[in-house]
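Written out below as structure tokens is the structure these notes cover.
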Amino acid sequence: MLVPFILLLFLYIRGSKSFLGHTTQSRRIPKSQPLFAALGKLHDRKVQLDSGPSMQILSQLPQKFDKSKPPILFLHGSFHGAWCWAEHFFPFFADECGYVVVAPSWRGTGGTYAGDGVSKVKITEHASDLKEILERFSAIAEVPENLKPPVLVAHSFGGLAVMKALEDDPGLASKISGIAMMCSVPPSGNGKMTLRFLRRSLIDSYKITVGFAGKKCLKNDRLLRELFFGGPKQVLADGSVEDFGISDQDLKRYQKYFTRDSVATIDLVDLAKQLPSAKTINGRAPFIDELPPCLILGASRDFIVDREGVQETATYFGNDRPSIVDSPHDVMLGAKWKNAAALLLDWMAALH
Numbered sequence: 004m005l006v007p008f009i010l011l012l013f014l015y016i017r018g019s020k021s022f023l024g025h026t027t028q029s030r031r032i033p034k035s036q037p038l039f040a041a042l043g044k045l046h047d048r049k050v051q052l053d054s055g056p057s058m059q060i061l062s063q064l065p066q067k068f069d070k071s072k073p074p075i076l077f078l079h080g081s082f083h084g085a086w087c088w089a090e091h092f093f094p095f096f097a098d099e100c101g102y103v104v105v106a107p108s109w110r111g112t113g114g115t116y117a118g119d120g121v122s123k124v125k126i127t128e129h130a131s132d133l134k135e136i137l138e139r140f141s142a143i144a145e146v147p148e149n150l151k152p153p154v155l156v157a158h159s160f161g162g163l164a165v166m167k168a169l170e171d172d173p174g175l176a177s178k179i180s181g182i183a184m185m186c187s188v189p190p191s192g193n194g195k196m197t198l199r200f201l202r203r204s205l206i207d208s209y210k211i212t213v214g215f216a217g218k219k220c221l222k223n224d225r226l227l228r229e230l231f232f233g234g235p236k237q238v239l240a241d242g243s244v245e246d247f248g249i250s251d252q253d254l255k256r257y258q259k260y261f262t263r264d265s266v267a268t269i270d271l272v273d274l275a276k277q278l279p280s281a282k283t284i285n286g287r288a289p290f291i292d293e294l295p296p297c298l299i300l301g302a303s304r305d306f307i308v309d310r311e312g313v314q315e316t317a318t319y320f321g322n323d324r325p326s327i328v329d330s331p332h333d334v335m336l337g338a339k340w341k342n343a344a345a346l347l348l349d350w351m352a353a354l355h
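Going by the numbering used here, the sequence shown opens with residue 4, and the numbers climb by one from there.
As structure tokens, this is what we get:
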């Protein structure tokens with residue numbers, strides 16, 4: 004068992020934690036039923052991008068438009084799809100707070116097909132797709148053109164895609180009202196973090212490596228809970244069960260989505276040559292003067308991205324004081340989702 008682990012660890016350190024997960028469905032909707040038909044306000048459609056893919060776009064509109072409020076463009080991370088934002092964040096920000104919300108599923112996933120026989124996706128392809136979404140945002144999101152530019156909210160690997168897109172085209176910053184990075188993979192990818200975990204705990208390093216590179220979390224309930232949702236279920240002193248807001252039914256549903264959404268994965272060899280950290284100046288992005296306001300958010304119970312990784316991302320964006328919320332890695336799911344949502348809402352209030 005040690006030899007396969009070492010091989011997986013080598014590949015994982017060379018690249019980044021970015022086996023992408025995407026799906027076209029959520030909330031126990033049957034496979035044949037479109038999201039928007041089942042949920043009413045939630046719109047699920049495909050948009051053909053000039054950059055290649057027919058991309059899945061989920062969106063939800065508030066009851067009325069408030070031009071002072073910028074739309075929110077949510078970008079998911081590894082093993083996830085646009086569906087993860089539709090669970091809690093979409094109804095909260097659209098219905099309760101009056102924001103236009105939009106979320107694509109990255110190419111190479113169940114929501115956005117990468118092509119016949121495609122098993123690897125390059126980071127530059129994600130950057131290209133994001134650039135086109137920003138350039139055609141009103142048409143893609145089907146919102147009035149006179150709204151403010153969107154705020155990007157990127158989780159986990161989605162953050163690395165944002166960094167790469169801005170590195171390739173700093174002018175994109177003019178098409179963004181703000182950037183919020185949630186438990187983002189740092190500019191150096193997962194290599195340094197994995198080595199830090201290896202020094203701290205061989206067991207934890209093993210769990211992260213086999214969980215992602217080996218995809219063991221797709222079949223191991225306990226491992227999936229540890230990596231994403233705050234830990235395994237616990238029986239408390241009073242006999243009640245602490246499941247961190249993720250029921251067994253939810254867990255099986257997410258495993259199904261993760262499995263369906265991790266068929267085509269990031270090209271790790273290519274990624275190791277394309278990491279944003281290669282072009283930093285004292286740890287900061289070379290385009291830092293062009294950036295809009297930035298929020299860097301980490302989670303106190305994050306099993307995947309450590310505090311050093313959060314700080315590295317904060318330094319990259321010129322924000323030396325990241326915010327830490329009480330949450331596991333998946334800040335948008337489970338019982339703690341309101342902690343990240345509330346912080347994001349407060350920060351966005353200052354943008355309009």
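In this text, a Cβ means the ideal position worked out from N, Cα and C, and glycines have one as well. Keep in mind that this is a model prediction, so the values were computed, not measured.
- Between Leu-294 and Gly-321, the gap from beta carbon to beta carbon is short of 8 Å.
- Counted as a single uninterrupted DSSP element, the stretch harbouring Ile-284 is not any alpha helix (DSSP H), since DSSP gives it neither H nor E.
- Counting only unbroken stretches of 4 or more residues, the alpha helix (DSSP H) elements lying wholly within the region 92 to 174 are 126 to 138, 140 to 144, 160 to 171, in sequence order.
- Look at Arg-199 here: in three-state DSSP terms it is helix.
- Put simply, the region 288 to 302 does not touch the region 140 to 149. Fewer than three CB pairs are less than 8 Å apart.
- Apart from sequence neighbours up to five positions away, the residues of its chain that approach Val-104 with a beta-carbon distance below 6 Å are Gln-63, Ile-75, Phe-93, Phe-96, Ala-97, ordered along the chain.
- For Phe-231, the uninterrupted alpha helix (DSSP H) segment begins and ends at 224 to 231.
- By the Cβ-count criterion, Lys-222 is exposed, with fewer than 16 other Cβ atoms from all chains shown falling within 10 Å of its own Cβ.
- Residue environment analysis places Asn-193 among the buried positions, since at least 16 neighbouring C-beta atoms fall within 10 angstroms of its C-beta.
- CA-to-CA, the gap between Ile-269 and Ile-206 works out to about 25 Å.
- A direct Cα-to-Cα measurement between His-332 and Val-313 gives close to 12 Å.
- Distance between Glu-99 and Asn-342, taken at the CA atoms: about 15 Å.
- Per DSSP, reduced to three states, the secondary structure at Ala-317 is helical.
- Ser-62: member of the beta strand (DSSP E) spanning 57 to 63, first to last residue.
- Shortest Cα-Cα distance from Leu-348 to any of Met-196, Val-154, Gly-80 involves Val-154.
- The beta-bridge partner set that DSSP reports for Ser-326 consists of Leu-300.
- Shown here for Ser-131: same chain residues with a beta carbon closer than 6 Å to its own, the five before and five after excluded, namely Ser-54 in chain order.
- If you draw a 10 Å sphere on the C-beta of Glu-245, you find fewer than 16 other C-beta atoms in it, and that means exposed.
- A straight line joining the alpha-carbon of Met-166 with that of Asp-273 spans about 16 Å.
- Separation of Trp-109 and Arg-263 (C-alpha to C-alpha, rounded to the nearest whole angstrom) is 13 Å.
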